[in-house]
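**Student:** Chains A and B supply the protein sequences, listed in that same order. Under my numbering, the first residue of the first sequence carries the number 84, and numbering increases by one thereafter. Under my numbering, the first residue of the second sequence carries the number -16, and numbering increases by one thereafter.
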Amino acid sequence: MAHATEKSFKVSVPDSELELLRKKLDLVRFPDELDGSGWNYGAPLADVRRLVARWKDGYDWRTAEAKINELPQFTRDVDVDEFGTLNIHYVHVKSDAKDAIPLLFIHGWPGHFMEVSKMLPLLTSSSGDHPSFHVVACSLPNFGFSDAAKQTGFKIEKYAETLHKVMLALGYNEYAVQGGDWGYCVARSMAYAYGPKHVKAWHTNSPVSGPPTLYDSPLLYLKFMTTPFTAAETESFKRHQAKSYNTGGYMEIHRTKPQTIGYSLADSPVGLLAWIYEKLVAWTDKYPWDDDEVLTWVSIYWFSRAGPTASGRIYYEFLSRMAESTPPWSPVPLGLSYFPEEVAPYAPKLWMRTVGDVVFEAEHNAGGHFAAYEQPEALADDLRAMFSKPALAKLFK
Amino acid sequence: MAHEQQTFNISVPDSELELLRKKLDLARFPDELEESGWEYGAPLADVRRLVERWKDGFDWRAAETKLNKLPQFTRDIDVDRFGTLNIHYVHVKSEATDAIPLLFVHGWPGSFLEVSKILPLLTSTGEHPSFHVVALSLPGFGFSEGAQKTGFRIAQYAEVGHKLMLALGYNTYAVQGGDWGNIICRNLAHLYGPKHVKAWYTNLPIGRPPTFRDSPLLYLRSLLTPFSAQDVKGLERNRLWDFKYKGYMYIQQSKPQTVGYSQADSPVGLLAWIYEKLVSWTDSYPWEDDEVLTWVSLYWFSRAGPTAAARIYYEYFNFVAASTPPWTGIPLGISYFPKEILYTPRLWMRTVGNVVYESEHTVGGHFAAYEQPEALVGDLREMFGKPDLAKLFK
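(1) Look up Lys90 (chain A) in the DSSP assignment and give the residues it is bridged to.
(2) Counting along the chain, where does the alpha helix (DSSP H) carrying His145 (chain B) start and finish?
(3) From A:Ala474, A:Leu363 and A:Asp374, pick the residue whose C-alpha is nearest to that of His452 (chain A); which is it?
(4) Who are the Cβ neighbours of Thr309 (chain A) in its own chain at under 8 angstroms, not counting the five residues just before and after it?
(5) Please report how far the alpha carbon of Phe113 (chain A) lies from the alpha carbon of Lys233 (chain A), in whole angstroms.
(6) Does any residue of chain A bring its CB to less than 8 angstroms from the CB of Trp256 (chain B)?
(7) Is the beta carbon of Pro295 (chain A) less than 8 angstroms from the beta carbon of Trp434 (chain A)?
(8) At a CB-CB cut-off below 7 angstroms, which residues of chain A make contact with Ile234 (chain B)?
(9) Which residues in chain A have a C-beta closer than 8 angstroms to the C-beta of Thr133 (chain B)? List them in chain order.
(10) If we require 4 or more residues per run, which alpha helix (DSSP H) segments fall completely within the region 270 to 340 of chain A?
(11) Can you list the residues of chain B that Glu361 (chain A) reaches, using a CB-CB cut of under 8 angstroms?
(12) Roughly how many angstroms separate the alpha carbons of Leu96 (chain B) and Thr367 (chain A), rounded to a whole number?
(13) Hey, how far is the Cα of Leu149 (chain B) from the Cα of Phe367 (chain B)?
(14) Just to confirm my understanding: we take Tyr429 (chain A), look at its own chain, exclude 5 residues before and 5 after, and list those with CB closer than 6 angstroms. What are they?
(15) What residues are listed by DSSP as bridge partners for Gln(-11) (chain B)?
(16) Would you call Thr287 (chain A) buried or exposed, if buried means 16 or more other Cβ atoms sit within 10 Å of its Cβ?
(17) What residues in the region -3 to 27 of chain B have a beta carbon less than 8 angstroms from any beta carbon of chain A?
(18) Going by DSSP, name the residue or residues bridged to Leu102 (chain B).
(19) Return the CA-CA distance between Trp91 (chain B) and Ala314 (chain A), expressed in angstroms with no decimal places.
(20) Assess, as a yes-or-no matter, whether the region 333 to 347 of chain B is touched by the region 306 to 321 of chain B under the definition of 3 or more beta carbon pairs within less than 8 angstroms.
(21) Taking a Cβ distance cut-off of 9 angstroms, strictly less, list which residues of the region 201 to 232 of chain B are near chain A, in chain order.
(22) Taking 8 angstroms as the CB-CB cut-off, is Ser127 (chain B) touching chain A?
(23) What is the DSSP secondary structure of Lys132 (chain B), reduced to helix, strand or coil?
(24) Which partner residues does Cys221 (chain A) have in the DSSP bridge list?
(25) Have a look at A:Glu257, A:Tyr173, A:Leu108 and A:Lys238 and flag the residue whose alpha-carbon is nearest the alpha-carbon of Lys477 (chain A).
(26) Alpha carbon to alpha carbon, what distance is there between Leu223 (chain A) and Asn170 (chain A)?
(27) Grouping DSSP H, G and I as helix and E and B as strand, with all else coil, what is Gln213 (chain B)?
(28) List the DSSP bridge partners of Gln261 (chain A).
(29) Quick check for students: name the residue ranges of the beta strand (DSSP E) that lie wholly in the region 411 to 480 of chain A, counting only runs of 3 or more.
(30) With a cut-off of 8 angstroms, does the C-beta of Ala463 (chain A) fall near any C-beta of chain B?
(31) Residues of the region 274 to 305 of chain B in Cβ contact with chain A at a cutoff of 8 angstroms, in chain order, please.
(32) Which residues in the same chain have their Cβ closer than 6 angstroms to the Cβ of Leu154 (chain A), if we skip the five residues on either side of it in sequence?
(33) For Trp144 (chain A) and Tyr23 (chain B), what's the separation of their Cα atoms in angstroms?
(34) Say whether chain B places a C-beta atom closer than 8 angstroms to the C-beta of Gln342 (chain A).
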């Protein structure tokens, strides 16, 4: 059922929410900290105190809001099978180029639609000898300024369905998808379910896969068993192992009891701040976070339409049915970008060939998990290079 | 170096009560998925109701007065490399002249309060062993100070318990513990037995399967002995535990500071975090709201703050080998409560220590001393009624 109109949207947090936040920040109670604990036990107290002080006094949400609102934003109702109607928020910028490729950008956790903001002008630009893109960046259901699902079982396939319906409603019958973090899982699900008819190609900056298995990919398995890892691959495994040690706790609680941790995230701005800030630093490649930048990221969660708690449920819904929600190999062309400080488990290129038809690979020397935000030129270049390939470009003619 | 004992009464400052009230007034709740029950965590209706009661109706001063009926003390304990920690404890002597000194060690999210129901039974005189009971607040919990620097491991918790017993004049004593109390008592037995720690008992038996290298005879026995029906059921519960209930443990053992900001700042968050355990880890214990709120308040108003308590997970799980003693000959008593969160087959417990007493119950869960005080005390009386154990304390 098509819903008639799209509405234009501007982020406009009610004064009452700003007031509540201020009151809560005035009552903050901090823990102590062990001498010499650094980042090992979690986000350091000095950082969190400083950020809270700024949030209370100095940080201006209305200014941040106005900046966000420079991006053209919209909402529209989407009917999701078995979940009723969800109102979905998205950024949508069309390129001037008439043969621009529609591209859906999908964020993850603790990301959000604004992760696309630095790439937007690059991707939509029509000057220069490179592909151009019409860009759509949704707030996933349960995130940002989209509705939350109200019932249990909103699995990855449902996120995929919702976003696919947004693209169709925008008139993009054929499109490409780019995602990292949960964006990877959703993109993969979309490629499988809606490609190659609608999803013509997809790209990820956080390639994740297990090794080939005898049952699923006998030839790749054979290659896996007989080919030693290269020095670079070994290095990547080691580096990832070191980087990811002791970082998965948040995932374990989100995947098992998202409601329990959710009471803290909904009620405590400093709790939410620490929860997210720790990842913003640990998962990036020495990105020079500005305090206000951090606070804007956290505020998007604090002021989110569904509340911060809803965003953790994606972990529960996926990880409780991981096998079922992980599609088999898909013939839809797939592009990969590897960033050295990615925190998701490292998957060598051979392993990624169990996921899809890998037609593009790029490796970078800098950048981490939030690649679109940390390395916008690099990622935009990758997408331009990928979609310059004649085989891909012609899919959209 | 002798430190003096001070008597202690819990007396939370008015300013803390005021801050709590203000925070509760500003509580912001999440939504909840329809018909999600307990699957995703503590249900919203429960948490709302408890918060309402906490704001209006629950009387902390009344709870405090009741807690203060337990004779409480503090004293400084010197901990090697960690300086002096002021330790809070309950101490009640039995009138029986041959009473056995017993150290009761709580865990997370427990407290010294867990001893309150077994206390009168243990100290009473009669045709059964009697006990002098000491129940400390572990460092970082309740009204004990917490360590100020990293590396305060299980051996340090044990050191505090041991030095406390010595300071109280108990040169020989027994120890009892569940949850963290299990591994702390195991360390106490290994480090300070048989000279001081004469026996230990746990209601959360934890042990690894025998390996050929470490326990060849037990290993062979394990190959030849099929799992009992109870074993099968218990090991299945372990799998369920691993899959659905361990999340809190993973975050606390890896980033206790990160989750700790929430625990320190949000009474609602802390309440949900603890309440979920109080219900899912017990055997249909009929929690009263005020009872729950007292337990949670002990964390909210704790001396070191709620964040300090969870650091024990970090200090243990990142250094498991260092915190796991080898087999010890100190007499060990184990008991099995059906709704305990973790299960270890009895054969495996023989890799841990010298099992001299075993018991099994048909009701009860993780907080056995609180849920099934008579049953637990029955175990201890039976265990220490055995002539060879009783004589260790003469």
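Note that CB positions come from ideal geometry on N, CA and C, so glycine has one too.
**Tutor:** Once the coordinates are examined:
(1) For this step, residue 90 (chain A) is matched to residue 7 along the first sequence. Per DSSP, A:Thr158.
(2) Translated into the one-based positions of the second sequence, residue 145 (chain B) becomes position 162. Per DSSP, the unbroken alpha helix (DSSP H) holding His145 (chain B) starts and ends at Ile137 to Ala150.
(3) Counted from its first residue, the first sequence places residue 452 (chain A) at position 369. The residue with the shortest Cα to Cα distance from His452 (chain A) is A:Leu363.
(4) Translated into positions along the first sequence, residue 309 (chain A) becomes position 226. Correct list: empty, nothing qualifies.
(5) In the first sequence, residue 113 (chain A) corresponds to position 30, counting from 1. In the first sequence, residue 233 (chain A) corresponds to position 150, counting from 1. If I take the Cα positions, the gap works out to 34 angstroms.
(6) As a first step, residue 256 (chain B) is located in the second sequence; it is residue number 273 there, counting from the start. It does; some Cβ of chain A falls within 8 angstroms.
(7) Mapped onto the first sequence, residue 295 (chain A) falls at position 212. Mapped onto the first sequence, residue 434 (chain A) falls at position 351. Trp434 (chain A) is positioned such that its CB atom lies closer than 8 angstroms to that of Pro295 (chain A).
(8) For this step, residue 234 (chain B) is matched to residue 251 along the second sequence. Gly332, Tyr333, Glu335 and Ile336, listed in chain order.
(9) Residue numbering aside, residue 133 (chain B) sits at position 150 when the second sequence is read from its first letter. By Cβ distance, chain A contributes Leu117, Asp118, Gly119, Ser120, Asn123 and Tyr124.
(10) Qualifying alpha helix (DSSP H) stretches, in chain order: 301 to 309, 314 to 327 and 332 to 339.
(11) Within the first sequence, numbered from 1, the residue matching residue 361 (chain A) stands at position 278. Close partners of Glu361 (chain A) in chain B (Cβ separation under 8 angstroms): Lys238 and Thr241.
(12) Your numbering for residue 96 (chain B) matches position 113 in the second sequence. Your numbering for residue 367 (chain A) matches position 284 in the first sequence. Cα to Cα, the separation comes out at about 44 angstroms.
(13) For the purposes of this step, residue 149 (chain B) is identified with residue 166 of the second sequence, where counting begins at 1. For the purposes of this step, residue 367 (chain B) is identified with residue 384 of the second sequence, where counting begins at 1. In this structure, the straight-line span from the alpha carbon of Leu149 (chain B) to that of Phe367 (chain B) is close to 21 angstroms.
(14) Here residue 429 (chain A) is taken as the residue at index 346 of the first sequence, counted from 1. Closer than 6 angstroms at the Cβ level, and outside the excluded window around Tyr429 (chain A), lie Ser319, Phe320 and His323.
(15) If you number the second sequence from 1, residue -11 (chain B) lands on position 6. Residue pairing by DSSP places Gln(-11) (chain B) opposite B:Thr57 in a beta bridge.
(16) The residue you call residue 287 (chain A) lines up with position 204 of the first sequence. Classification of Thr287 (chain A): buried, given that the 10 Å Cβ count is 16 or more.
(17) Of all residues in the region -3 to 27 of chain B, Leu2, Lys5, Lys6, Leu9, Ala10, Arg11, Phe12, Pro13, Asp14, Glu15, Leu16, Glu17, Glu18, Ser19, Glu22, Tyr23, Gly24, Ala25, Pro26 and Leu27 have a Cβ within less than 8 angstroms of some Cβ in chain A.
(18) For the purposes of this step, residue 102 (chain B) is identified with residue 119 of the second sequence, where counting begins at 1. Leu102 (chain B) is not bridged to any residue.
(19) In the second sequence, the residue the question calls residue 91 (chain B) occupies position 108. In the first sequence, the residue the question calls residue 314 (chain A) occupies position 231. Between the alpha carbons of Trp91 (chain B) and Ala314 (chain A) lies a gap of roughly 45 angstroms.
(20) With a cut-off of 8 angstroms, the region 333 to 347 of chain B and the region 306 to 321 of chain B count as touching, because enough Cβ pairs lie within range.
(21) The region 201 to 232 of chain B vs chain A, Cβ under 9 angstroms: Phe226, Lys227, Tyr228, Lys229, Gly230, Tyr231 and Met232.
(22) Taking the second sequence and counting its residues from 1, the one referred to as residue 127 (chain B) is at position 144. Not an interface residue.
(23) As a working note, residue 132 (chain B) is residue 149 in the second sequence. Three-state DSSP puts Lys132 (chain B) in a strand.
(24) The count along the first sequence starts at 1 and reaches residue 221 (chain A) at position 138. Bridge partners of Cys221 (chain A): A:Tyr173.
(25) The residue you call residue 477 (chain A) lines up with position 394 of the first sequence. Among A:Glu257, A:Tyr173, A:Leu108 and A:Lys238, the Cα nearest to that of Lys477 (chain A) belongs to A:Glu257.
(26) Taking the first sequence and counting its residues from 1, the one referred to as residue 170 (chain A) is at position 87. Taking the first sequence and counting its residues from 1, the one referred to as residue 223 (chain A) is at position 140. Computed Cα separation, rounded: 10 angstroms.
(27) On the second sequence, position 230 is the one that residue 213 (chain B) refers to. Assigned with DSSP and collapsed to three states, Gln213 (chain B) falls in helix.
(28) Reading the first sequence from its first residue, position 178 is the one you call residue 261 (chain A). In the DSSP assignment, Gln261 (chain A) forms a beta bridge with A:Phe188 and A:His286.
(29) Secondary structure within the region 411 to 480 of chain A: the beta strand (DSSP E) runs of 3 or more consecutive residues, fully enclosed, are 413 to 421 and 439 to 446 (chain order).
(30) Within the first sequence, the letter at position 380 stands for residue 463 (chain A). Residue-level contact check: Ala463 (chain A) does not touch chain B, since none of the beta carbons of chain B fall below 8 angstroms from its beta carbon.
(31) Within the region 274 to 305 of chain B, the residues whose Cβ lies closer than 8 angstroms to some Cβ of chain A are Ala287, Gly288, Pro289, Thr290, Ala291, Arg294, Tyr297 and Asn301, listed in chain order.
(32) As a working note, residue 154 (chain A) is residue 71 in the first sequence. Around Leu154 (chain A), the same chain offers Val174 as residues with beta carbons nearer than 6 angstroms, after the five sequence neighbours per side are excluded.
(33) Translated into the one-based positions of the first sequence, residue 144 (chain A) becomes position 61. Translated into the one-based positions of the second sequence, residue 23 (chain B) becomes position 40. So the two alpha carbons sit approximately 32 angstroms from each other.
(34) Residue numbering aside, residue 342 (chain A) sits at position 259 when the first sequence is read from its first letter. For Gln342 (chain A), the answer is yes, since a Cβ of chain B falls inside 8 angstroms of its Cβ.
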